[in-house]
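The sequence shown lines up with residues 153 to 450 when you count with my numbering.
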Amino acid sequence: MRASIDVGSNSLLLLVVDDTGKTVADEQHVIGLGKGLGPERGLFRPDRMEAAMAVFIGFAARAQSLGVKPSEIRAVATSASRRALNAPTFYADVARKSGIKVEVISGEEEARYTWLGSLEGIELPAGLCMVVDPGGGSTEAIFGEQRQIRSRCSMEVGTVRLTEQFLGYGAVTPSAYAHLRAHVDAVVGALVVPAIPKAIVAVAGTATTLMAMELKLATYDGARVHGGTLSTASLRKWIDRLLAASPEERQALVAVSPGRADTLLAGATILLRVLEQARRQACRVSDRGLRHGVLVGR
Numbered sequence: 153m154r155a156s157i158d159v160g161s162n163s164l165l166l167l168v169v170d171d172t173g174k175t176v177a178d179e180q181h182v183i184g185l186g187k188g189l190g191p192e193r194g195l196f197r198p199d200r201m202e203a204a205m206a207v208f209i210g211f212a213a214r215a216q217s218l219g220v221k222p223s224e225i226r227a228v229a230t231s232a233s234r235r236a237l238n239a240p241t242f243y244a245d246v247a248r249k250s251g252i253k254v255e256v257i258s259g260e261e262e263a264r265y266t267w268l269g270s271l272e273g274i275e276l277p278a279g280l281c282m283v284v285d286p287g288g289g290s291t292e293a294i295f296g297e298q299r300q301i302r303s304r305c306s307m308e309v310g311t312v313r314l315t316e317q318f319l320g321y322g323a324v325t326p327s328a329y330a331h332l333r334a335h336v337d338a339v340v341g342a343l344v345v346p347a348i349p350k351a352i353v354a355v356a357g358t359a360t361t362l363m364a365m366e367l368k369l370a371t372y373d374g375a376r377v378h379g380g381t382l383s384t385a386s387l388r389k390w391i392d393r394l395l396a397a398s399p400e401e402r403q404a405l406v407a408v409s410p411g412r413a414d415t416l417l418a419g420a421t422i423l424l425r426v427l428e429q430a431r432r433q434a435c436r437v438s439d440r441g442l443r444h445g446v447l448v449g450r
C-alpha cells in the first residue's frame with residue numbers, strides 16, 4: 153500500500169493505492185487553507201490551520217487503517233504553502249500531532265507531478281498537448297508531447313486569491329466581476345502558447361466540479377467525470393449562472409461540491425480564458441492529478 157496527500161490552497165486530498173496501483177481510498181476535504189493569505193506573502197489563518205489539522209489527523213487514521221503508516225505518506229504542499237510565512241511552523245505541528253511529514257514543493261515539481269498524474273487513463277493525440285490546473289493560489293499551464301513535459305508556466309491567478317481580491321463571499325456585482333475578468337485577461341494574456349495544442353486536459357476541483365455540474369450529477373462520481381469534455385460554451389453558461397446567483401443559489405448550483413460554491417466563478421473564468429488563449433473550443437477533464445503523480449513519479 154502507498155499513500156499521498158495533496159495540500160492545496162483550497163482542498164486537502166488523500167489517495168491510497170495498493171501494490172497494483174488500484175485506488176483503495178480517494179478522499180477530499182475543502183477547507184480553504186489559503187483563505188485570507190492575500191495576493192503576496194501572508195499567514196495561514198488560525199481557524200484554517202485548525203480545520204486542516206483535523207483533516208490531517210483523520211487522514212493519518214484512515215491511512216493507518218489501510219496499512220500505511222502516517223510517516224510513510226508522501227504529503228506535498230503547493231502555492232499557498234510557498235507563500236505562507238507560518239507554513240514551516242504549521243507543518244512541524246502537523247508532524248507532531250499526526251505523524252505526517254509535509255513537503256513544500258517547488259512550482260517545477262508541482263508541474264511534473266500534475267502532468268504525470270492527470271494524464272492517467274486519458275488517451276491523447278500525437279503532438280503538443282497541454283494540462284491546465286486552476287488551483288486556489290495559482291494556475292499551472294504545462295505543455296508536452298508523448299507524455300514528456302516541454303515547458304511550463306505558473307500564473308499568479310487562483311480561485312481563492314481572485315475571489316478574495318475581487319469578489320468576496322457574498323453577492324457578486326457585475327462591476328466586481330469585470331475587474332476580476334480584466335485581471336485574468338491580463339495575466340493569462342501573457343501566457344505563451346508554443347502552438348495550438350492538439351488537446352487540453354483540465355485537472356483539479358474547478359474542472360471536475362464543473363464537469364459534474366454539466367453531467368447533472370447529484371453526487372460526485374469520479375469515474376463519470378474522468379475523461380469528460382467541457383466546452384467554452386458550457387463554461388460561459390456556468391459563468392453567467394454563477395454571476396447572477398445569490399450566495400444561497402450558488403450553493404444549490406454547486407451542490408455536488410458546496411465547498412467550491414464561492415470560488416467556482418473565478419475558477420471557471422480562469423479556465424475559459426486559458427482555452428481562449430490556447431485557441432481551443434473545449435478541454436478534457438481529469439479526475440486525477442498531483443496526488444496520483446506523486447506516487448507515479450517518486
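In this text, a Cβ means the ideal position worked out from N, Cα and C, and glycines have one as well. Since this is a predicted model, take the numbers as computed values, not measurements.
According to DSSP, residues forming a beta bridge with residue i
i	result
M282	F295 and I352
S194	Rather than Ser, the amino acid found at residue 194 in this sequence is Gly. For G194, which the question treats as bridged, DSSP gives the partners A236.
L319	BP columns for L319 are empty, so no partner.
M307	T291
I157	L166 and A227
H115	The requested residue 115 is not part of the displayed model; the chain covers only 153 to 450.
T381	R436
I123	There is simply no residue 123 to check, as the chain begins at 153 and stops at 450 in what is shown.
T175	V169
Environment of residue i [buried if 16+ CB atoms lie within 10 Å]
i	result
T381	exposed
L237	exposed
A430	buried
T172	exposed
P198	exposed
E255	exposed
G235	The sequence shown places Arg at residue 235, not Gly. Classification of R235: buried, given that the 10 Å Cβ count is 16 or more.
G279	exposed
A334	exposed
R200	buried
Q433	exposed
S231	buried
P286	buried
T360	buried
K187	buried
S327	exposed
S258	exposed
S303	exposed
R425	buried
R443	buried
Range covered by the beta strand (DSSP E) that runs through residue i
i	result
L166	S163 to V169
E255	V254 to V256
E275	Premise fails: E275 is in no beta strand (DSSP E) and is neither H nor E.
Where the alpha helix (DSSP H) through residue i begins and ends
i	result
D439	Note, D439: premise wrong, no alpha helix (DSSP H); not H, not E.
E331	The residue asked about is misnamed: residue 331 is His in this sequence, not Glu. Start and end: P326 to V340.
G259	G259 to S270
T360	G357 to E366
| message | Does the contact criterion of 3 or more C-beta pairs under 8 Å hold for the region 307 to 323 versus the region 157 to 177? | response | yes
| query | With contact counted as at least three CB pairs below 8 Å, one residue from each stretch, are the region 390 to 399 and the region 323 to 339 in contact? | reply | yes
| field | Segments assigned beta strand (DSSP E), at least 3 residues, entirely inside the region 384 to 425 | value | none
| message | Could you check whether the region 406 to 415 touches the region 333 to 351, counting it as contact only if at least three pairs of C-beta atoms, one from each stretch, sit closer than 8 Å? | response | no
| query | Within the chosen definition, does the region 212 to 220 reach the region 331 to 343 through at least 3 CB pairs nearer than 8 Å? | reply | no
| query | Is there contact between the region 216 to 227 and the region 258 to 272, where contact requires at least three CB pairs shorter than 8 Å? | reply | no
| query | Can you find at least 3 beta carbon pairs, one from the region 422 to 438 and one from the region 364 to 380, that sit closer than 8 Å? | reply | yes
| query | Hey, is the region 383 to 393 in contact with the region 360 to 374, meaning 3+ C-beta pairs nearer than 8 Å? | reply | yes
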